[in-house]
Structure formats: structure tokens, C-alpha cells
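Just so we're aligned, residue 554 is where the sequence shown starts under my numbering, counting upward by one. In what follows, a structure is listed as C-alpha cells, so that the remarks can point back to it.
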Amino acid sequence: MKRTFAVLLFAAGLRAESITLDQAVKEAIDKNLNLLAEKYNISIADARILQARLRPNPVFTYGQDYQNVFGTGVTNENNAGPPEWNTRVDFVLERGGKRERRVEVAQAQKSVAEYQLLNTIRQLTLDVQSAFVDAQAARDSLALARDNLQKLQDVVTVNEARVKSGDLAQVELMRTRLAAQQFDNSVRQAELRVRTSLSRLLLLMGRPAAPDGLEVAGSVREDRPAVALDTVRDAAFAHRPDLLALVRDQARSQADIRLQIAQGKSDFDFGTMYHNQYGYASGHTMGFFLSAPIPLWNRNQGEIERAKREQEQLETRVRAMQAQIGSEAQTAYEQYSTSRVLVDRIEQNMLAQALQVRDTTEYSYLRGEASFVEFLDAERALNDTVQSYNDARADYARNLYLLEAVSGQGVNP
554 MKRTFAVLLF
564 AAGLRAESIT
574 LDQAVKEAID
584 KNLNLLAEKY
594 NISIADARIL
604 QARLRPNPVF
614 TYGQDYQNVF
624 GTGVTNENNA
634 GPPEWNTRVD
644 FVLERGGKRE
654 RRVEVAQAQK
664 SVAEYQLLNT
674 IRQLTLDVQS
684 AFVDAQAARD
694 SLALARDNLQ
704 KLQDVVTVNE
714 ARVKSGDLAQ
724 VELMRTRLAA
734 QQFDNSVRQA
744 ELRVRTSLSR
754 LLLLMGRPAA
764 PDGLEVAGSV
774 REDRPAVALD
784 TVRDAAFAHR
794 PDLLALVRDQ
804 ARSQADIRLQ
814 IAQGKSDFDF
824 GTMYHNQYGY
834 ASGHTMGFFL
844 SAPIPLWNRN
854 QGEIERAKRE
864 QEQLETRVRA
874 MQAQIGSEAQ
884 TAYEQYSTSR
894 VLVDRIEQNM
904 LAQALQVRDT
914 TEYSYLRGEA
924 SFVEFLDAER
934 ALNDTVQSYN
944 DARADYARNL
954 YLLEAVSGQG
964 VNP
């Protein structure tokens, strides 16, 4: 009889929380700490756009000149000229469209950050899906181990009655009890695997790692979608956010080249000054100034060259990412195909035979026509077959989720 943690908690007067895969993925996207940290990159990019749109501040200057510092009052001793005070305001006139180029680069950086966030969500979703399948597989393995233990305990009960009736030797009862203890150890190990898998799932969901009172709902995914390698590869090239992030980074690099070329244009400083003379002479005058550096040596050649080399580097990275995605699609498709064949083979050829051999051997053993070693071998063969089937189903489900992650499905806005 299959027993899960939910049954045990119900018997103890507690209620287990059952969580579905969709709930686990949604909670992870909302609460996973690494993803929350990644989301700040969007706000940081918005701040960079805000900064890029700002114009240079004007400069205000106040000055006093020709002051009589050796005498008092207004006398003719200050022959340098009448004292004066002045105010001046200077403005930077940016040339080459620097502000527009800065905004263009900042907006491209935000687009890169958005695709990088989507790629983090894609990876986190796959991690949660894999952890959820691990928890389901551990749950099924625990149920199998408990079934085996219950079967051996039933045999022990029958053998105890046979020993009392003198129909069975005491040593045979000891063998069955020893085998039952071995299966009980397997149950303890399976329970540990359940707690470990749930702890990993909870960590990805952003919860404290306290698996008691939690169980995963539903069975392992078993649908049989139509999958073609070319379709997976084409979808990956079109939708993978890590590839799209690199493509957007190329656009940012091109905008950076334009920005660095604009930075090589000299800016003009325009200023205006008001003079007020007082003392033995008075006057009010205005002054206007225009200054610009002479670009004899520094025309921002180094940064322009750096931006061009970065553009070439990104082109190489895009090609490398495309090759990597193609390899990932090929590997994921082969893993999917192999796991599907394995699941079908165990279902069609092995499960029914192992169950029939176990049931026949059990019947013969209880009638005294087969030895306990033969019955135990049949029980372990059935256990190994069912465990292999559970592992194959779990691998198949993981590979289905892997195909979706490789192709970028479900993460593109």
C-alpha cells in the first residue's frame, strides 16, 4: 500500500501543503533572491537613461577685482584702476549630438538588461522544474520502498504463523526478518532523498528550507509532444533571451561607437559677464566669451578604437553563442529521444513480466514450492524494474522541460 508524507501528517493531526509545478515556478519568480537581485539591473538601467538625458550644468562665477587692500576708503592710492565686482555664467554647448548618443547607449543597455533578466528567469524556471521532478521521483521511490517493505512484512507475518505451526524452520523466519530490515533501511534512505529534494525546491522558491509539511502534487509529466530537431533549433535562435541579449549588446556597441565619435567633437564654452565698477569711477559693462579646445592631438581616437574592437568581439560572441545553442538543441533532442525510447521499452516489455515473475514466485514460496532466495530475487528484480521505470519517467520529464528551456519557450515577452 502506497503511503506518502501526506498520509503520515494526516494521521498526526496535521495537514500537508500540496504545491503544483505552476505554483512553484510562480513563487520562485516572485521570491527567488538571485532573481530579485537581477531585477535591480532594470532600475539601474533606468537611472542611466535619466543621467544620459541630463544637460551639462552652467557655471556661475562671482569675482571682485582691483580692491584697495592697503588703504581705507576710496582714495587715489589705488592707481590700478577702479574697484569692481563681476558675475559670470558659462554654458557648455555640446556638439556632435552627444546627448542623443548617450541616451541611445543607455536605452540599448536597458534592453540588454531586460533580456538578461529573461534569461535568468528561463534558467530559474528550468531549475525549479528539474527540482520539482526530482521531488516527484523521490516521492515515487519512497512509495515503492514502502510497498516493498509492506510486502516483506506480510511475508514475515505469514512465516511467524508457519513457524508456530511447525511448518517452517526458525532460520527461514530469521531470513525474512533480515530482508524486511534491509527494506526498512531503504525506506529511511528514500525519506532522506524526499527531504533533500524538497529542501532544494524550497530554496529555489525563496522559502526557508523546512520541507516538513510540504508535498509536491501531480504525477511526473508524461505527455508525448511532436518534437523535431530543426524546430527546436530554429525556435532557440529566434527566442533564446541570452542570444537576444548579445544581439542587443551589438546594437549597444554600435551606439557606443557613434557616441565615441561624437565625444571626439570639441564642445564650445559660451559665457557672459557683467562688470560693475565703483569708487572714483563707475561703469556698467557686459562681456561675452567663446572658447573651444583645439583638437590637435586628442580626438578620442583611443575610445573610438576600443568601441570598434568591442563590436568585433561581440560579433564573435554571437557566433559562439549560436554554435552553443545549436549544440544544446542537438544534445537536448538526443536525450529526449533516448529517454522516450527507454520509457516505452520498460512499459511494454519489462514491467508486466517482472510483476508476473514476482507474483508467481511469491505464490510458490508461500506454498513451499520455492525457496526464500528465489522469492527475494524476484522481489528485488521487480523493485529494480519499477525503480528504473520511475527514473526513466523522471529523466523523460526533465528532458521535456529542457527542450522547452533550450528553445526559449515561455520566457519571451
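We put the CB at the ideal spot given by N, CA and C, even for glycine. Source: prediction; values computed, not measured.
- Secondary structure of Leu646 (DSSP, three-state): strand.
- When the alpha-carbon of Leu677 is set against those of Val578, Leu767, Arg728 and Pro846, the nearest one is in Val578.
- Taking 8 Å as the cut-off, the beta carbon of Gln875 is found no closer than this to the beta carbon of Gln807.
- When DSSP states are grouped into helix, strand and coil, Asn610 belongs to the coil group.
- By the C-beta density criterion, Thr938 is buried, having at least 16 other C-beta atoms within 10 angstroms.
- Residues Arg655, Val656 and Ala659 of the same chain have their beta carbon placed closer than 6 Å to that of Ala605, with the five preceding and five following residues left out of the count.
- In terms of CA proximity to Tyr916, Asp707 leads the group Asp707, Ala804 and Leu796.
- Distance from the CA atom of Arg748 to the CA atom of Leu695, rounded to whole angstroms, is 11 Å.
- Along the segment 846-899, the alpha helix (DSSP H) occurs as fully enclosed runs of 4 or more residues at 854-898, listed in sequence order.
- Considering only Gln883, Ala907, Asn936 and Pro846, the residue with the shortest C-alpha distance to Gln816 is Pro846.
- The criterion of a C-beta distance shorter than 8 Å is not satisfied by Ile595 and Ala684.
- By the Cβ test, the segment 634-650 is in contact with the segment 809-827, since at least three Cβ pairs between them sit closer than 8 Å.
- Here Val711 carries a helix assignment [DSSP, helix/strand/coil].
- Just so you know, the alpha carbons of Trp850 and Arg859 end up roughly 17 Å apart.
- Here Glu932 really is in contact with Arg911; their C-beta atoms are around 6 Å apart, less than 8 Å.
- For Arg786, the closest of Ala733, Ala885 and Arg675 by C-alpha to C-alpha distance is Ala885.
- With at least 16 other beta carbons inside 10 angstroms of its own, Glu957 counts as buried.
- Nearest Cα to Asp944 within the set Thr914, Val780 and Val773: Val773.
- Below 8 Å, too few C-beta pairs join the segment 779-798 and the segment 600-619 to call them touching: fewer than three.
- Shown here, Leu843 sits in a strand according to DSSP, grouped into three states.
- The beta-carbon distance between Gly759 and Ala581, rounded to whole angstroms, is 6 Å. This is short enough to meet the 8 Å contact definition.
- Contact annotation: the segment 715-723 does not touch the segment 833-840, with fewer than three C-beta pairs closer than 8 Å.
- In this structure, Val800 lies away from Ala882, with their beta-carbon atoms at least 8 Å apart.
- Closest in alpha carbon position to Arg852, among Gly649, Glu570 and Gln620, is Gly649.
- The C-beta of Ala590 has fewer than 16 other C-beta atoms within 10 Å across all chains shown, which makes the residue exposed.
- Gly616 is bridged by DSSP to Asn639.
- Bridge partners of Gln830 according to DSSP: Glu637 and Gly836.
- Only exposed fits Gln877, as fewer than 16 other CB atoms lie within 10 angstroms of its CB.
- Listed as beta-bridge partners of Asp937 by DSSP are no residues whatsoever.
- In the structure shown, the three-state DSSP call for Asp820 is coil.
- Cβ atoms of Ala690 and Ala743 stay farther apart than 8 Å, at about 10 Å.
- For Val724 and Leu586, the gap between their C-alpha atoms comes out near 58 Å.
- Each of Thr710, Asp820 and Ala947 was checked against the Cα of Arg608, and the nearest Cα belongs to Asp820.
- DSSP, read as helix, strand or coil, puts Glu744 in helix.
- Residue range Glu570 to Ile572 is occupied by the beta strand (DSSP E) that includes Ser571.
- A direct Cα-Cα distance of roughly 26 Å separates Gly634 from Leu843.
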